[in-house]
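Protein chains in written order, with full-length UniProt numbering: chain A, 1 to 288; chain B, 1 to 140; chain C, 1 to 109. Here a beta-carbon is modelled for each residue, glycine too, at the ideal position from N, C-alpha and C. Owing to the predicted nature of the structure, the values given are computational and were not obtained by experimental measurement. What follows is a short report on a single structure.
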Amino acid sequence: MTRKTLLGGVSAAVVAVAAAGVGLADIRTGDSLVINGEIEIVTETAPPPFLEGVFSTIYSGWVFRTDETRAMEADDFDNPGMLYVEQGLEAFNTAMGTEGNSCATCHETPETLSTVRATYPQWDEEHGTVQTVEMQILECQTERMGVAEPYGYDSQEMRNMAALIASVGRGQTINVAIDGPAAETWALGEEIYYTAYGQMELSCAHCHERNYGNLIRADHLSQGQVNGFPTYRLKNANIVSVHNRFRGCIRDTRGEPYAIGSPEFVALELYVASRGNGLSVEGPAVRN
Amino acid sequence: MTQTRRQFVGTGLAVAAAFFGLPHIASAAQLEEAIAAFTGGADMGGEGITLIAPEIAENGNTVPIEVSAPGAAAIMLLAAGNPQADVCTFNFGPLAGSQMASTRIRLAGEQEVVAIARMPDGTFKQARQNVRVTIGGCGG
Amino acid sequence: MAENVTPRVRVPRDATAGEAVSVRTLISHPMESGQRRGSDGNLIPRQIINRFTCEFNGEMVIDITIDPAVSTNPYFQFDATVNESGTFQFTWYDDDGSVYTDTADIAVA
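What follows is the structure, encoded as structure tokens:
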């Protein structure tokens with residue numbers, strides 16, 4: 001295939017998607033995900049109030065995957081994402097920085113942080129900003145541990161730690177606050193979500209709100225939820241962060257993405273996370 | 001950031017190529033060679049061997065495969081459309097609880113997966129299954 | 001030695017004599033195929049796990065020869081017959097000569 005037809009193929013696929021409308025028939029609903037035979041995951045539920053009228057049901061990305069991909073997430077041993085959780089746990093218990101502390105010095109076990117994934121991004125009073133899990137980890141490293149070279153926002157170490165924190169929160173109901181001091185950031189995120197990007201003039205909503213359930217170049221479009229992050233992507237054979245995924249989606253519209261860790265992506269993450277209020281924390285989920 | 005056409009193609013769509021560089025494909029001769037090295041050119045039956053692979057794999061980097069051939073001494077797995085056809089060979093020891101094994105493999109695009117069992121009496125059995133590989137719609 | 005190589009194995013804690021038990025193994029490893037190009041356009045040298053063995057009390061259960069087409073973080077599942085209590089010995093062989101090992105005990109009644 002030449003480059004030209006390849007790109008042509010993308011546009012054609014998108015046009016086909018646009019014409020098709022939501023193909024609910026394509027969604028295999030009603031199956032339940034129970035991880036390790038004990039953690040019950042809500043993969044479909046009523047939408048949060050601000051999305052009533054848009055969706056009748058919100059779905060985890062798990063619903064849109066094949067049997068093989070779904071099965072990998074149902075058992076920690078089969079889920080390669082758990083390898084990175086283990087590496088995160090090792091780092092959690094390892095001293096870093098001038099204070100000689102490990103995360104465990106103050107937080108004892110990751111389980112003490114089990115409510116974090118379900119409630120982040122979250123307004124941080126002290127810093128007067130909405131913080132993602134990654135920002136909170138950086139805050140502890142730089143302000144409390146004296147770490148001279150904190151984790152890069154999208155580094156393997158950061159993703160491992162974020163995966164650890166997600167894993168101990170699995171099964172909890174996503175419930176990010178969108179009102180009060182977070183309202184302004186949330187509104188910015190909403191605006192970005194509905195803005196068309198790139199030469200193909202596509203917004204997140206175009207694919208994930210109006211066309212979920214349809215195929216785009218043989219890939220099954222989901223609602224673009226973030227409840228499963230960090231996700232283990234078969235494509236990368238590694239865990240990927242929320243912002244990395246946002247960047248990939250914008251690039252595919254041939255748009256210019258915001259930077260990973262930028263205020264715009266933080267706002268978008270808050271907004272997208274809130275669209276999943278009611279689903280369960282699933283990370284590290286397995287996706288294609 | 002400026003995004004060139006080349007980068008877009010490179011990042012978004014090179015799914016099949018991700019692990020194999022350019023998706024050049026094993027020649028039929030290479031596949032035959034790999035099979036001959038294992039079987040010595042012997043005839044192969046089709047009964048008594050089962051290959052379970054998804055009809056459609058969501059990504060070519062991690063495709064779950066299961067093979068079983070009761071009584072086999074060894075089972076070789078091949079991917080006819082990969083740059084190198086060999087995938088792995090399971091040699092069953094005296095304490096094997098069955099002649100079954102499963103693993104996850106890389107497939108560079110739609111192709112046939114081949115399993116060949118060597119029986120203790122020197123005969124061979126083979127099973128083949130076609131697997132389609134989805135090209136992802138979203139990069140990143 | 002590749003970075004962060006961690007083996008994981010899962011076998012049942014107990015079994016009855018003669019039972020075939022299911023064994024699962026996973027090791028974090030990039031399985032660099034040798035056919036992939038880095039961002040500089042040059043081929044990244046091959047580095048894979050090229051062999052995996054599982055023995056029980058010194059006797060072979062399975063011995064697997066591995067090529068680059070096995071996925072990153074190689075995963076294997078198979079059955080083992082256990083006639084007595086003892087120890088599974090798992091060994092992964094890296095292209096660079098490194099050898100990674102793990103063990104698991106099982107009580108047989």
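> What is the residue span of the beta strand (DSSP E) that I62/C lies within?
Replying inline: Here residue 62/C refers to the residue found at position 62 when the third sequence is read from its first residue. From DSSP, the beta strand (DSSP E) with I62/C extends over 59-66.
> How many Å lie between L51/A and E55/C at the Cα?
Replying inline: Along the first sequence, read from residue 1 onward, the residue named residue 51/A stands at position 51. Along the third sequence, read from residue 1 onward, the residue named residue 55/C stands at position 55. Distance between the alpha carbons of L51/A and E55/C: 56 angstroms.
>> Closest to C88/B by C-alpha separation, out of R10/C, F76/C, V61/C, would be which residue?
In response: Position 88 of the second sequence, counted from the start, is the residue given in the question as residue 88/B. Comparing Cα-Cα distances from C88/B to each of R10/C, F76/C, V61/C, the minimum goes to F76/C.
> Alpha carbon to alpha carbon, what distance is there between G81/A and D154/A?
Replying inline: What you label residue 154/A is simply residue 154 of the first sequence in a count that begins at 1. What you label residue 81/A is simply residue 81 of the first sequence in a count that begins at 1. When rounded, the distance between both Cα atoms is 16 angstroms.
> Where does S102/B sit, in a helix, a strand or coil, going by DSSP?
Replying inline: By 1-based counting over the second sequence, the position of residue 102/B is 102. The answer is strand: DSSP assigns S102/B an E or B state.
>> Could you compute how far the alpha carbon of M200/A sits from the alpha carbon of G255/A?
In response: As a position in the first sequence, residue 200/A is number 200, starting the count at 1. As a position in the first sequence, residue 255/A is number 255, starting the count at 1. So the two alpha carbons sit approximately 8 angstroms from each other.
> Where does the unbroken beta strand (DSSP E) through M31/C begin, and where does it stop?
Replying inline: In the third sequence, residue 31/C corresponds to position 31, counting from 1. Taken as a continuous stretch (DSSP letters only), M31/C belongs to no beta strand (DSSP E), as it is neither H nor E.
> Are G276/A and I174/A close, meaning C-beta to C-beta below 9 angstroms?
Replying inline: Position 276 of the first sequence, counted from the first residue, corresponds to residue 276/A. Position 174 of the first sequence, counted from the first residue, corresponds to residue 174/A. Cβ distance < 9 angstroms, so G276/A and I174/A count as in contact.
> CB-CB under 6 angstroms to S102/B, same chain, minus the five flanking residues each way: which ones, in chain order?
Replying inline: Your numbering for residue 102/B matches position 102 in the second sequence. Closer than 6 angstroms at Cβ, skipping near neighbours: E66.
>> Buried or exposed for residue 289/A, going by 16 or more other Cβ atoms inside 10 Å?
In response: Since the first and last residues shown for chain A are 1 and 288, residue 289/A lies out of range.
>> Considering only their Cβ atoms, is the gap separating A80/C from L95/B smaller than 9 angstroms?
In response: Position 95 of the second sequence, counted from the start, is the residue given in the question as residue 95/B. Position 80 of the third sequence, counted from the start, is the residue given in the question as residue 80/C. In contact: L95/B and A80/C (Cβ atoms closer than 9 angstroms).
>> Is there a Cβ of chain A sitting closer than 9 angstroms to that of T50/B, yes or no?
In response: Along the second sequence, one-based indexing puts residue 50/B at 50. False, the Cβ-Cβ gap to chain A never drops below 9 angstroms.
> Can you name, in chain order, every residue of its own chain whose Cβ lies under 8 angstroms from the Cβ of T195/A, other than the five neighbours on each side?
Replying inline: In the first sequence, the residue the question calls residue 195/A occupies position 195. So the qualifying residues of the chain are S203.
> If you measure from the beta carbon of Q129/B to each beta carbon in chain A, is any gap under 9 angstroms?
Replying inline: The sequence position of residue 129/B within the second sequence is 129, counting from 1. By this cut-off, Q129/B is not an interface position.
>> Helix, strand or coil for A57/B? Go by DSSP, reduced to three states.
In response: Start at 1 with the first residue of the second sequence, and residue 57/B comes out as number 57. The answer is strand: DSSP assigns A57/B an E or B state.
> Beta-carbon of T72/C versus every beta-carbon of chain A: anything under 9 angstroms?
Replying inline: By 1-based counting over the third sequence, the position of residue 72/C is 72. Answer yes: the Cβ-Cβ gap between T72/C and chain A drops below 9 angstroms somewhere.
>> Measuring straight from C-alpha to C-alpha, what distance separates T6/C and R144/A?
In response: As a first step, residue 6/C is located in the third sequence; it is residue number 6 there, counting from the start. As a first step, residue 144/A is located in the first sequence; it is residue number 144 there, counting from the start. T6/C and R144/A: Cα-Cα distance of roughly 30 angstroms.
>> Could you check whether the Cβ of F90/C sits closer than 9 angstroms to any Cβ belonging to chain B?
In response: Translated into positions along the third sequence, residue 90/C becomes position 90. Answer no: the Cβ-Cβ gap between F90/C and chain B never drops below 9 angstroms.
>> Give me, in chain order, the residues of the same chain whose beta-carbon lies closer than 8 angstroms to that of V116/A; leave out the 5 immediate sequence neighbours on both sides.
In response: As a working mapping, residue 116/A is identified with position 116 in the first sequence. Only V133, Q136, I165, G169 meet the Cβ criterion.
> How many angstroms separate the CA atom of S280/A from the CA atom of D96/C?
Replying inline: Numbered from its first residue, the first sequence carries residue 280/A at position 280. Numbered from its first residue, the third sequence carries residue 96/C at position 96. Each residue's alpha carbon lies about 42 angstroms from the other.
> Which residues, in chain order, does the stretch 46-73 of chain A contribute to contact with chain B at a C-beta distance below 9 angstroms?
Replying inline: R65, T66, D67, E68, T69, A71, M72
>> Within the continuous alpha helix (DSSP H) that includes A264/A, where are the two ends?
In response: For the purposes of this step, residue 264/A is taken as the residue at position 264 of the first sequence. Sequence check: residue 264/A is Glu here, not Ala. That run of the alpha helix (DSSP H) goes 263-274.
> Does the Cβ of L270/A have 16 or more other Cβ atoms within 10 Å, making it buried, or fewer, making it exposed?
Replying inline: Locating residue 270/A in the first sequence gives position 270, counting from the first residue. Buried is the call here.
> Hey, quick one: how far does the beta strand (DSSP E) through I239/A stretch, first residue to last?
Replying inline: Walking along the first sequence from the start, residue 239/A turns up at place 239. Residues 238-240.
> From the DSSP output, which residues share a beta bridge with V286/A?
Replying inline: Residue 286/A sits at position 286 when you count from the first residue of the first sequence. For V286/A, which the question treats as bridged, DSSP gives the partners Y232/A.
> For the 8 angstroms Cβ check, are there 3 or more pairs between the stretch 9-21 of chain C and the stretch 80-93 of chain C?
Replying inline: yes
> Near W186/A, which residues of its chain fall below 6 angstroms by C-beta distance, leaving aside the five closest residues on each side in sequence?
Replying inline: Numbered from 1 along the first sequence, position 186 holds the residue referred to as residue 186/A. Contacts found: I178, L270, Y271.
> In the DSSP assignment, what are the bridge partners of T101/C?
Replying inline: Within the third sequence, numbered from 1, the residue matching residue 101/C stands at position 101. BP columns for T101/C point to T91/C.
> If you draw a straight line from the C-alpha of G34/C to the C-alpha of K235/A, how long is it?
Replying inline: If you number the third sequence from 1, residue 34/C lands on position 34. If you number the first sequence from 1, residue 235/A lands on position 235. Computed Cα separation, rounded: 18 angstroms.
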